[in-house]
Amino acid sequence: MSDSHIKVRLHVAPENVILAKRNLGKGGKAQMFVDSEVTRCCDKYIPFDKGPLKESQDWATVKGSGMVHWDTPYARKNYYENRGRGNEGTAKGGLRGRLWFERMKRDHLPGILRGVKRICGAK
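Here it is, written out as structure tokens:
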């Protein structure tokens, strides 16, 4: 019986290199895609009267940051309490109303994830 030894060297790239290679770093292509898709898909779910709430996502969100913002004095109240009574509101069979991000995710998350997989080279 012989005594055999195996030496193995494992070189692992630093986390930031791995993430950058797959476009997953902060501000990378994948994050830019997610932020942009979230704002695009949420558009038809956001309560709409004259437009400032809906438009605030465009100027208050830094694409690639991983955070989408709706920045108006009444955004929080609308997010949790809006009754969807407008022309396109949930009370009238439309999509606009409270919890718009959660409802958008329910409807569009699989498509967003498919896009991220495509960008990252996953199957």
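The opening residue of the sequence shown carries number 4 in our numbering; numbering runs sequentially from there.
Glycine residues also receive a C-beta, built at the ideal position from the N, C-alpha and C atoms.
>> In whole angstroms, give me the CA-to-CA distance for GLY67 and HIS8.
In response: 48 Å
> Roughly how many angstroms separate the alpha carbons of GLY31 and ALA23, rounded to a whole number?
Replying inline: 7 Å
>> Can you tell me whether ARG99 is helix, strand or coil according to DSSP?
In response: strand
>> Quick test of your reading: GLY100 and GLY118, contact by CB under 8 Å. State the CB separation rounded to the nearest angstrom.
In response: 26 Å between Cβ atoms; not a contact.
>> Assuming ASN139 and PRO50 are in contact, meaning their beta carbons sit under 8 Å apart, how far apart are those beta carbons, in whole angstroms?
In response: As shown, the chain starts at 4 and ends at 126. That puts residue 139 outside it, with no answer to give.
>> What ranges does the alpha helix (DSSP H) occupy inside the region 24-69, keeping only unbroken runs of at least 4 residues that lie completely in it?
In response: 32-45, 55-63
>> Measuring only the C-alpha atoms, how far is GLY114 from LYS108?
In response: 10 Å
>> Taking 8 Å as the limit between beta carbons, can you name the residues of its chain near ALA78, skipping five residues before and five after?
In response: LEU56, SER59
> Shortest alpha-carbon distance to TYR83 belongs to which of ASP110, ASP52, CYS123, LEU102?
Replying inline: LEU102
>> I need the DSSP call for GLY114, collapsed to helix, strand or coil.
In response: helix
>> Do ASP52 and GLY97 count as a contact pair if the criterion is CB distance below 8 Å?
In response: no
> Just the Cα atoms here: how many angstroms apart are LYS47 and VAL20?
Replying inline: 37 Å
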